[in-house]
Structure formats: structure tokens, C-alpha cells
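Contents: one structure, followed by commentary.
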Amino acid sequence: MEFVLTGATLIDGTGADPIEASAVYVKDGKIEWVGSASDLPEEASNAPQEDISGKTLMPGLIDAHIHVCYNGEESVFVLLEKDRDDLLLEAVHTVGKILSHGVTTVRDIGGEKYIEMSLRKAINAGWIKGPRMKTSGRVIAMTGGHAHFIAREADGPDEVRKAAREQIKAGADTIKLMATGGSATPGQDIMAAQFTVDEMKAAVDAAHAMGRTVAAHCHGTGGIKNCMLAGVDSIEHGTYLDEETANMMVENGASLVLTLGVGNPDLESHPLTPVQQADAKRRKPMIEKGVVQIRKTIDLARSKGIFLGCGTDAGGNPLAPHRHSMAREVELLVANGIPEIEAITIATSHNAKILKWDHEIGTVEAGKLADLLVIDGDPLADITTLRNVVSVYKGGEKV
Ligand SMILES: [Zn+2]
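Here it is in C-alpha cells:
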């Protein structure tokens, strides 16, 4: 199977200037050649051509922080009452929707009953439609820690090590640790550190020994510092980054995965259910403070050169539904002072790197898998056009 998409403005995900009137030659699911349409090589001339002039062609978006097993509309306590079949069938619908919104890869960073592992198997086998997936299995928290109601609770280095190995055994690519309190857990202080350095180090050693990464939920500065001392690979949220912890992140080569949508939920564009209204009311002071704080963190992180990724945290609480949440995430990066081209780079090639998948996805370059997104409009002029999805290709297949 081969084809050529011609005429579009190409944003390749590397951060390079766009190519006007581009051509992308796709063969057997991979990108064979990319360039200016006028330079299309001889070998591609017999392939069927589709003229997509006036559109923007870019890599499929990558969501580096999502929870596909939860719908992001109901209370987690309601979701936990449901049986696995019901959750799984709804999640099948969710992953199809995520893909149709132009997100061709996700990293599930906290699953439920290993439903995410079943979904990944079904997607890879072609039984259902959905994005490529990396998974973390169950989150690991200290006893009573953040999201303890869904977590594998573990205390002390030996038990945390074992908990990490359990997730790897179940199929995890990444280990997710809870390093501070979180706003989704009622009654918690988001500034308070949770796991000790030694506990996290045990998980990091176990994960790295088996070629896995470690991602840690962090808001407060103390938790970020503990993570850097333990060698954690990515800080998720990272709300209260300061000068010292920023320097430690640069020194460690750690990434910061921003989750702006969940810290600034979209309360206007759709009617809220009573559950959502109650959650919005409970979290209002934390959210208002967080929105101001995160701008400072983003400016600091960029000035220090911290490697940035992004994720929606969709599914993570009742105010984080799976809608155009990744497009909105990129809009919020731009609203926080990040230029459009850089925001797209973060949501594509940077996230690919954080997922350790950059050898195959994240950019429109020869040799990569043909995960492509066709947008009606120019996202560099108006970032909200990322919601205007015309078509999505995953491995060269139109979905
Ligand atoms: Zn999350």
C-alpha cells in the first residue's frame, strides 16, 4: 500500500519552519519521503496522490499523561463501583474517540484493573480502533497517599520495589509514583511530600534495571526535590518548581510533563453535572492558585531549558473528560507564552522522546511510522484549528 499526500503546509514536529506545498510519500505504513511537492522522487510518481492543498499536515498528537480507563465525567468512586466489563467497554469507546481527535499515541499513566493492558492488546491486534499505547499499570502510592483508592499502596523500599516489579510483570512501560498530595484526593495537601527518597529510589532502580522509566506525580517543591534525588525520569504536573529543583532537573536530564487542562478545567463549554459542579467547587481555590503558579513554573522551566512534554490528564478526575482535550492542552501551552511551533513540537516529538518512542513516531520524517494528522486551517496562526481534524492516519491507515 502506498500513497502521496500533496499540497499541504507541513509542520514536521521537529520545530523546523513549515514547508509550503509539501509532499509526503507513504509506503507500507511508513513515511518513505518528505519534501517539497516539486521535488517528489521518481519512485513515488506511480503512487495514488491525494491533493490536500490548503490544509496543514503534521504528526499525530501524543498525549503523555492520560487515564483511558476513567471517563473523566463521573466521580472515581462511582467508577470504582462498576465492574470491569462495563469500564472496559466504555474505555473501548474512549480510545476510539481519542484517536479520531488526532491523538495517535498515548501514555496511560494510571490504569484500573489492567484494563489499559487489555485495550493495548486489542488495539495492537486490530480488534478495536485506538491510539498506540504505553502504559504504567496501577499507580503506586504510600498507604493513604494520593489516589490511594486506585493505587497499589506500598511502604518502605522493599515493598515499593516489589510494587514496581508487579506493574512491569503486568506489562507496564513506565512506573507511576505519587510523590506529593493531589487535588483529586479529598483532604490532601498538594504541597506535602509523600514517598521518601529511598522508597522512590527502589522503584527507580527496579524500573531502570528492566529498561522502564519512572514518572512521578508532583505538585509541591519538596516532592520534586525527592524525585530528583531518587533519579525519577519525568515530573508530572510540577506545579511548584523552584530555582533549586529546576537546576536539579536539568542536571538529571529529567522531563517536565505539563498538564495544563486539568489544572484549568474547561467549565464553560459544556453543562456540568451535579458531580462535576461539586468537584469544581471543592477544587476552586487550588485551581485558581495553580493557574497563576504554573505560569511561573513554565517560564522558569523554559529559561532553564528543562525538557518539556505535555498531557491532558483526561480521565484523572470528574472535570477532565476525553473531548478535544489534547488540542486544548496545546492551546493552553500557547496561552502560557509558548510559541505555536514550540507547543506543537512539545505535543509531538518531545512527547515521543519521553515515551522512548522517538525512533518510530513524533515527527514527519523518512523512516518513521506514518502517524499523520490533517488539519483544516493554520495552527501557527490560530492554534484552536487543531480541533478541526480532517483526517487521521495511523501507520499509514486512514482511521
Ligand atoms: Zn494523572
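One point on numbering: in this note's numbering, the residue at position 170 of the sequence shown is 170, and numbering is uninterrupted.
C-beta atoms are modelled at their ideal positions from N, C-alpha and C, and glycine is treated no differently.
Task: Residue ranges of each alpha helix (DSSP H) within the stretch 237-307, 4 or longer - done: Counting only runs of 4 or more, we get 243-252, 260-263, 274-304.
Open item on the list: Just to be sure I understand the criterion: a residue counts if its Cβ is closer than 5 Å to at least one heavy atom of ligand 1. Which residues meet that?
Closed with: A Cβ closer than 5 Å to some heavy atom of ligand 1 marks a residue here, and those residues are 313, 316.
- [ ] Determine the contact status of residue 236 and residue 162, defining contact as a CB-CB distance below 9 Å.
- [x] For residue 236 and residue 162, no; Cβs fall outside 9 Å.
TODO: Kindly list the residues whose CB is nearer than 6 Å to the CB of residue 257, restricted to its own chain and excluding five residues on each side of it in sequence; keep chain order.
DONE: So the list reads 64, 65, 234, 236, 309, 311, once near-sequence residues are dropped.
- [ ] Return the Cβ separation of residue 147 and residue 141 in integer angstroms, given the expectation that the two are a contact with Cβ distance under 8 Å.
- [x] Between residue 141 and residue 147 the Cβ distance is about 6 Å, and since that is below 8 Å, they are a contact.
Open item on the list: Here's a check: name, in chain order, each residue in its chain whose Cβ is nearer than 7 Å to the Cβ of residue 354, leaving out the five neighbours to either side.
Closed with: Excluding residues within five positions, the ones whose Cβ falls inside 7 Å are 64, 234, 255, 257, 309.
- [ ] Measuring alpha carbon to alpha carbon, tell me which of 187, 232, 375 ends up nearest residue 208.
- [x] The residue with the shortest Cα to Cα distance from residue 208 is 232.
Task: Enclosing beta strand (DSSP E) for residue 408 [first to last residue] - done: The structure shown does not extend to residue 408, since the chain is modelled only from 1 through 399, so no value can be given for it.
TODO: Indicate the three-state DSSP secondary structure (helix, strand or coil) for residue 198 in the structure shown.
DONE: Of the three classes helix, strand and coil, the one that applies to residue 198 here is helix, per DSSP.
Task: Backbone CA spacing between residue 130 and residue 96 [nearest angstrom] - done: C-alpha separation (whole angstroms): 5 Å.
Open item on the list: Could you check whether the stretch 96-109 touches the stretch 333-341, counting it as contact only if at least three pairs of C-beta atoms, one from each stretch, sit closer than 8 Å?
Closed with: With the cut-off at 8 Å, the stretch 96-109 and the stretch 333-341 do not touch.
TODO: Mark residue 200 as exposed unless 16 or more other C-beta atoms lie within 10 angstroms of its C-beta, in which case mark it buried.
DONE: Answer is buried; the Cβ neighbour count reaches 16.
- [ ] Could you tell me the distance, in whole angstroms, from the CA atom of residue 121 to the CA atom of residue 133?
- [x] Approximately 9 Å between the Cα atoms of the pair.
- [ ] Look at the Cβ atom of residue 181, then the Cβ atom of residue 189, and state whether they are nearer than 9 Å.
- [x] For residue 181 and residue 189, yes; Cβs fall inside 9 Å.
TODO: Have a look at residue 126 and residue 57 and give me their C-alpha separation to the nearest angstrom.
DONE: The alpha-carbon atoms of residue 126 and residue 57 are separated by roughly 25 Å.
Open item on the list: Pairs of beta-carbons, one from the stretch 268-288 and one from the stretch 39-49, closer than 8 Å: are there three or more?
Closed with: Result no; under three Cβ-Cβ pairs closer than 8 Å.
Task: Minimum C-alpha distance to residue 218 - residue among 228, 135, 238, 212 - done: That would be 238, whose Cα lies nearest to the Cα of residue 218.
TODO: Could you tell me the distance, in whole angstroms, from the CA atom of residue 276 to the CA atom of residue 262?
DONE: Rounded to the nearest angstrom, the two C-alpha atoms are 13 Å apart.
TODO: With DSSP as the reference, please indicate the residues paired to residue 51 in a beta bridge.
DONE: DSSP lists 6 as the beta-bridge partner residues of residue 51.
Open item on the list: If contacts are defined as beta-carbon pairs under 8 Å, then residue 364 and residue 31 qualify, I think. What distance do you get, rounded to the angstrom?
Closed with: With a Cβ gap of about 6 Å, residue 364 and residue 31 count as contacting.
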